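Trainee:
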Amino acid sequence: MTKPESVEPPKLAKWLLERLSPQNEPLAGDLIEAFGRGRSYGWYWRQVFVAILIALPEHVRKHLTLFLYTATCSAVTSIAWYFMFPNAAHGSAFPRIFAVYARGYGIDWPWSFVYQIAFVTAFEAATVWAAVITCLAISHQLRLRNLLQAFPVVVVVLVISNVALPLFSGLLSNLQWFGWVIVSTPPAIAFILGNWKAKGSPGSLIKAKSV
Amino acid sequence: MSHLSDFELIVLLVLLRLGDGAYGVPIAQEMQEQTKREAKLGSIYASLERMEKKGLVVSELGEPTKERGGRAKRYFHVTKQGMRQIRETQRTLARLWKGVPELEGGRS
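Respectively, the protein sequence lines represent chains A and B.
Just add 131 to the spot in the first sequence (first one is 1) and you have the working numbering.
Just add 21 to the spot in the second sequence (first one is 1) and you have the working numbering.
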């Protein structure tokens, strides 16, 4: 991947690095310097990805409560979604909600797909949103304005993942329990980013000691 | 005394080669030139921080510069303890190297 002369490093990568590897300012400076000397966008992204991956266990250790809360909320979302569908063993746990979903069966493709994506996104956004509000309320950081700013972040993450996941449905069904982990990941990411944005200040997720 | 990993040994040798100018960018560049593999700065810093905790290297911050977006350089130096570890690892590798017929005379 090549880049034109005198351009800034990818803003999103820079932003993610500052927040997810905040104590490593010299590393951020090295990346900017190397990028300015002709390194590619691809190189920059690979470096940021590895730096974040290395910093991740430390974040998890420091913010174990928040991590467990996130994992629980995303698991509850996936389980609720599973029990919404009736099968041979049980009926729908939420028949009214399922009735809304089932209306999509009567729609022709591609609108049925659009309906399905919109429904899944709304379902997950509702649970993620409830989790974000609970988390902020407990940590006394609930601000309506910040919450409203965080909402589009949650929706965008969920829409992207819900459009992408059906493309890998064949692969996911072969992964068994790990497929469930992957399916549960988008609500977790949406929660983390939504919570982050709703707290209003850069790095506040990292600074928050408990939920 | 625990032995150095391959990666730690490479990083320490690169620090020695670079001398006083050893900070992230030249370290990664030198490693890439010597190993012919893309060096990841995140891995290099993680390794250097581990070694700093063990007392094998020390670091100091330089002045922030404009070309680095106002961020300072972090210079690393090998300590006496680090030098001892390098020599110990070199001796161990040399011992392992000796007496292996497949590796003698430059044949693979």
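Just so it is clear, CB atoms sit at the ideal spot from N, CA and C, and this is done for glycine as well.
It should be emphasised that the depicted structure is a prediction, and the values quoted were computed from it without experimental measurement.
For chain B, check one thing: does any of its Cβ atoms lie closer than 9 Å to the Cβ of V259 of chain A?
Mentor: no
Trainee: Are the Cβ atoms of L34 of chain B and I107 of chain B separated by less than 9 Å?
Mentor: Cβ atoms of L34 of chain B and I107 of chain B: closer than 9 Å.
Trainee: In the DSSP assignment, find the unbroken beta strand (DSSP E) run with V99 of chain B in it and report its ends.
Mentor: 92-99
Trainee: Starting from E29 of chain B and walking both ways along the alpha helix (DSSP H), at which residues does that stretch end?
Mentor: 27-39
Trainee: What residue ranges within the segment 248-299 of chain A form continuous alpha helix (DSSP H) runs of no fewer than 4 residues, ordered along the chain?
Mentor: Here the runs fully enclosed are 275-295.
Trainee: Give a yes or no on whether the minimum CB-CB distance between P333 of chain A and chain B is below 9 Å.
Mentor: In this prediction, P333 of chain A scores a pLDDT of 46, lower than 50, which makes its location untrustworthy; the coordinate-derived value is nonetheless stated afterwards. By this cut-off, P333 of chain A is not an interface position.
Trainee: Name the DSSP beta bridge partners of L82 of chain B, please?
Mentor: B:R95
Trainee: Can you give the Cα-Cα distance for V263 of chain A and G325 of chain A, rounded to whole angstroms?
Mentor: 7 Å
Trainee: Quick one: does G325 of chain A have its CB under 9 Å from some CB of chain B?
Mentor: No, no contact with chain B.
Trainee: Among the residues of its own chain, which have a CB less than 8 Å from the CB of A43 of chain B, if the five just before and after it don't count?
Mentor: V35, L36, Y96, F97, H98
Trainee: Do you know how far the Cα of I185 of chain A is from the Cα of P153 of chain A?
Mentor: 12 Å
Trainee: Under 9 Å, Cβ to Cβ, is there at least one residue of chain B near Q280 of chain A?
Mentor: no
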